[in-house]
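For the sequence shown, my numbering begins at 60 and goes up steadily by one.
For each residue, glycine too, the CB sits at the ideal point set by N, CA and C.
Here the structure is a predicted model, which means the values were calculated and not measured.
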Amino acid sequence: MNFESLVHSINAVHEPLQAQAAHAVNLALTARNWLIGYYIVEFEQHGEDRAAYGEKLLKNLEIRVKKKGLTERRFREFRRLYSVYPQLGVEVVGYLSNSALVIRRTSAESPETTGWMLPAKMLFNRISYSNLNLISMIEDPVKRAFYEIENIKGCWSNRELDRQISSLYFERSGLSKNKAALSAMMKQQAVQLTPADVLHEPVALEFLGLEKKEKWTENDLEEAIVSHLKDFLLEMGNGFCFEFRQKRILIDQDYFKADLIFYHRILKCHIIVDVKIDRFHHEYASQMNTYPNYYKYQVMRPDDNPPVGILLCTGKGDTLVKYATAGLDQNIFVQKYMVSLPSVDDLTTYVADETQK
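Laid out in structure tokens, this is it:
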């Protein structure tokens, strides 16, 4: 044995065993969280003293349990996990069969299922808990199944899954003629899950009439949204006057681009619209505040009213928006938009086919 063979031997031992440990940790985490969610739902439905707690149940649990990580927010996540994935009970019971933990009601082992539920074994063994938690937030069962399938195929990290959801991969897939090509491209570009990821894890816009292309990228979707948003606002009338698209703004030595600039002749102010193919992040508020301030100091006339900024994101947390925009002098509005697909038939067929594989 020389030094290089020693290095090779250590890597050969470390990597598969680390992956095995990460998988074991993930299975235990999913089982525990699902089971806690099950117990909470059981208590809410059948608990003898449930009326005494009502809406404060989860907060009282946090106070009494006193375990790190078991907070009111987490209990809410666990309850949702059970409600969305009741079929996991079969796998959880099997996983815990050698322990003292039991599920007291056998109906949990064989719940009613729908055509959009992937096999419990696949969900339990192939999707990390953090990703199951993220997917469980999706209300549309077809959309949820789509991300389950793509997550399994791409072995996505939690950050990658979050990026794909925020960038409207499901909607882009519905707009793409060649879904397989788009899926292959996403798989090639995606950041995959590694054992370390597990072990170290601490306005509806229905007016869009989008043409189908071979593959819809994030830039394509942003371009289409900005184009149709301009047309939509102009069709509204009532004072909207279009001025610029992708307006270049020079501040100090740096150029910035605002997606759409309007002047409203009734409100007598400029309206700056910026579109993000992502959910709201706190830094977007600062960026959005910059554009109205530029217009306030460099463009606004004495008889104008202060500019208005409209930030469109694929999703937003109301609390984060409140904290991020508090204290800003400008009129900043953050809105959530959704892309309305021409049809969901293609996506429905795609998901149904994939669930049979």
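Looking at C-alpha atoms only, which residue of ILE369, ASN390, ASP377 is the closest neighbour of ASP333?
-> Position 274 of the sequence shown, counted from the first residue, corresponds to residue 333. Ranking the options by Cα distance to ASP333, first place goes to ILE369.
DSSP state of VAL332, grouped into three classes?
-> Walking along the sequence shown from the start, residue 332 turns up at place 273. Three-state result, VAL332: strand.
What separation, rounded to the nearest whole angstrom, lies between the Cα atoms of LYS381 and ILE122?
-> Here the question's residue 381 lines up with position 322 in the sequence shown. Here the question's residue 122 lines up with position 63 in the sequence shown. CA-to-CA, the gap between LYS381 and ILE122 works out to about 27 Å.
Do SER195 and LEU129 have their C-beta atoms closer together than 8 Å?
-> On the sequence shown, position 136 is the one that residue 195 refers to. On the sequence shown, position 70 is the one that residue 129 refers to. The Cβ atoms of SER195 and LEU129 do not sit closer than 8 Å to each other.
Skipping 5 residues on each side, what residues in its chain have a beta carbon closer than 7 Å to that of ILE320?
-> Translated into the one-based positions of the sequence shown, residue 320 becomes position 261. If we look at ILE320 and ignore the five residues flanking it on each side, its Cβ neighbours are GLU302, PHE303, LYS306, HIS329, ILE331.
Tell me which same chain residues have a C-beta within less than 7 Å of the C-beta of GLU74, skipping the five on either side of it?
-> Counting from one through the sequence shown, the residue named residue 74 turns up at place 15. Excluding positions up to five away in sequence, the list is empty.
Tell me the DSSP bridge mates of ALA317?
-> Taking the sequence shown and counting its residues from 1, the one referred to as residue 317 is at position 258. DSSP lists LYS306 as partners of ALA317.
So what does DSSP say about HIS340, is it helix, strand or coil?
-> Looking up residue 340 in the sequence shown gives position 281. Looking at HIS340 - three-state DSSP - the assignment turns out to be coil, as it is neither helix nor strand.
Kindly say whether PHE339, judged by its beta-carbon, lies nearer than 8 Å to any beta-carbon of chain B.
-> The displayed structure is made up of one protein chain only, and chain B is not part of it.
With 16 other CB atoms within 10 Å as the buried threshold, where does LYS327 fall?
-> Taking the sequence shown and counting its residues from 1, the one referred to as residue 327 is at position 268. With fewer than 16 Cβ atoms within 10 Å of its Cβ, LYS327 is classed as exposed.
Buried versus exposed call for ASP199 [16 or more other C-beta atoms within 10 Å across all chains shown] = Locating residue 199 in the sequence shown gives position 140, where the first residue counts as 1. With fewer than 16 Cβ atoms within 10 Å of its Cβ, ASP199 is classed as exposed.
Of all the options ALA87, PRO366, GLU107, ASN190, which has the alpha carbon lying nearest to the alpha carbon of SER216?
-> Within the sequence shown, residue 216 is the residue found at index 157, counting from 1. For the residues ALA87, PRO366, GLU107, ASN190, the minimum Cα distance to SER216 belongs to ASN190.
Return the CA-CA distance between LEU182 and PHE392, expressed in angstroms with no decimal places.
-> As a position in the sequence shown, residue 182 is number 123, starting the count at 1. As a position in the sequence shown, residue 392 is number 333, starting the count at 1. LEU182 and PHE392: Cα-Cα distance of roughly 39 Å.
For CYS214 and ASN70, the rounded distance between their alpha carbons = As a first step, residue 70 is located in the sequence shown; it is residue number 11 there, counting from the start. As a first step, residue 214 is located in the sequence shown; it is residue number 155 there, counting from the start. Computed Cα separation, rounded: 22 Å.
Rounded straight-line distance, which links the Cα of TYR314 to that of VAL84 = The residue labelled residue 84 in the question sits at position 25 within the sequence shown. The residue labelled residue 314 in the question sits at position 255 within the sequence shown. Distance between the alpha carbons of VAL84 and TYR314: 47 Å.
Output the boundary residues of the beta strand (DSSP E) element that contains LEU370.
-> Locating residue 370 in the sequence shown gives position 311, where the first residue counts as 1. Unbroken beta strand (DSSP E) run through LEU370: 367-372.
How long is the line joining the alpha carbons of GLU103 and CYS372, rounded to whole angstroms?
-> The residue you call residue 103 lines up with position 44 of the sequence shown. The residue you call residue 372 lines up with position 313 of the sequence shown. Between the alpha carbons of GLU103 and CYS372 lies a gap of roughly 35 Å.
Exposure of ALA80, with buried meaning 16 or more beta-carbon neighbours within 10 Å = Translated into the one-based positions of the sequence shown, residue 80 becomes position 21. Counting the other CB atoms within 10 Å of its CB gives ALA80 a total below 16, which places it among the exposed residues.
DSSP on TYR322, reduced to helix/strand/coil?
-> For the purposes of this step, residue 322 is taken as residue 263 along the sequence shown, with counting starting at 1. Looking at TYR322 - three-state DSSP - the assignment turns out to be strand.
Who are the Cβ neighbours of MET347 in its own chain at under 7 Å, not counting the five residues just before and after it?
-> As a working mapping, residue 347 is identified with position 288 in the sequence shown. Only ASP333, GLY368, LEU370, ILE391 meet the Cβ criterion.
Opposite PHE392 in the DSSP bridges: which residues?
-> In the sequence shown, counting from the first residue as 1, residue 392 sits at position 333. Under DSSP, PHE392 takes part in a beta bridge, and its partners are ILE369.
Through-space distance from LYS316 to ILE308, alpha-carbon basis | Position 249 of the sequence shown holds residue 308. Position 257 of the sequence shown holds residue 316. Each residue's alpha carbon lies about 6 Å from the other.
Can you tell me where the alpha helix (DSSP H) with LYS52 in it begins and where it stops?
-> Given a span of 60 to 416 for the chain in the structure shown, any question on residue 52 remains unanswerable.
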